[in-house]
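*Asks:* One structure coming up, written as structure tokens, with questions to follow.
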Amino acid sequence: MKPYNIKTFNGKRYVFCLIRKKYYLLTKEELVRQKIIYYLIKNRGYKVHEIYVEFNSTFYNIKYRIDILVLKKKRPFIIVECKSPEVKISSKYFDQIMKYYLRFKTQYLVLTNGMKNIIFKFENNNGIEFLKKIPKLT
154 MKPYNIKTFN GKRYVFCLIR KKYYLLTKEE LVRQKIIYYL IKNRGYKVHE
204 IYVEFNSTFY NIKYRIDILV LKKKRPFIIV ECKSPEVKIS SKYFDQIMKY
254 YLRFKTQYLV LTNGMKNIIF KFENNNGIEF LKKIPKLT
């Protein structure tokens, strides 16, 4: 599997998304998103059909667009929030991903800017455990 398929159209660069099956403008955030998608598939064993990109959802009449939602056995399992590399991961983005967690109750949350990854797992009544890597599909 080729990591990224990048093409230039009308002077602008686009990257092919394996999940959405079309080209998207190659922004810094989109490149981070594509790197995570590739990593999930190639290094962690997730399948293309288990990954949703820019997943739209509504919770308490508020619309959200989740960067990446990964399912396991057809249930929400991982939420990934991607930022551009120059964006510092802060409590603002932790609050954002926690809103998604309240809606989907995933086991894992990932905040990334491509340079820094914060990966955490929710333990049933034991709080949050921080991890070094996104779990492999088992």
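Sequential numbering of the sequence shown, starting at 154, is according to my numbering.
Glycine included, every Cβ here is placed at the ideal spot set by N, Cα and C.
This one's a predicted model, so the numbers in the text were calculated from it and none came from an experiment.
1. Taking all protein chains shown into account, do 16 or more other C-beta atoms lie within 10 angstroms of the C-beta of ARG186, making it buried, or fewer, making it exposed?
2. Tell me whether GLU239 sits in a helix, a strand or coil according to DSSP, three-state version.
3. Could you pull out every unbroken alpha helix (DSSP H) segment of at least 4 residues lying fully inside the segment 164–209, listed in chain order?
4. Can you have a look at ASN266 and say buried or exposed, based on whether 16 or more other CB atoms are within 10 angstroms of its CB?
5. Take LYS245 as the anchor and find which of LEU264, PRO229, TYR157 has the nearest alpha-carbon.
6. Candidates LEU193, LEU184, LEU178: which alpha carbon is nearest ASN163's?
7. By Cβ distance below 8 Å, which residues in the same chain neighbour THR161 in space, the five residues on each side in sequence not counted?
8. For GLY280, tell me which candidate among TYR261, GLU207, TYR213 has the shortest Cα-Cα distance.
9. Within its chain, find whatever has a CB closer than 7 Å to the CB of LYS289; leave out the 5 residues flanking it on each side and keep chain order.
*Replies:* If we stick to the structure as given:
1. With 16 or more other Cβ atoms within 10 Å, it is buried.
2. In the three-state DSSP reduction, GLU239 falls in the coil class, being neither helix nor strand.
3. Entirely contained in the segment 164–209, the alpha helix (DSSP H) runs reaching 4 residues are, in chain order, 181–195.
4. Counting the other CB atoms within 10 Å of its CB gives ASN266 a total of 16 or more, which places it among the buried residues.
5. Scanning LEU264, PRO229, TYR157 for the CA closest to the CA of LYS245 turns up LEU264.
6. When only C-alpha atoms are compared, the closest one is LEU178.
7. TYR167, listed in sequence order.
8. It is TYR261.
9. By the criterion of a C-beta distance shorter than 7 Å, LYS289 is surrounded in its chain by ARG197, GLY198, once the five residues flanking it on both sides are discounted.
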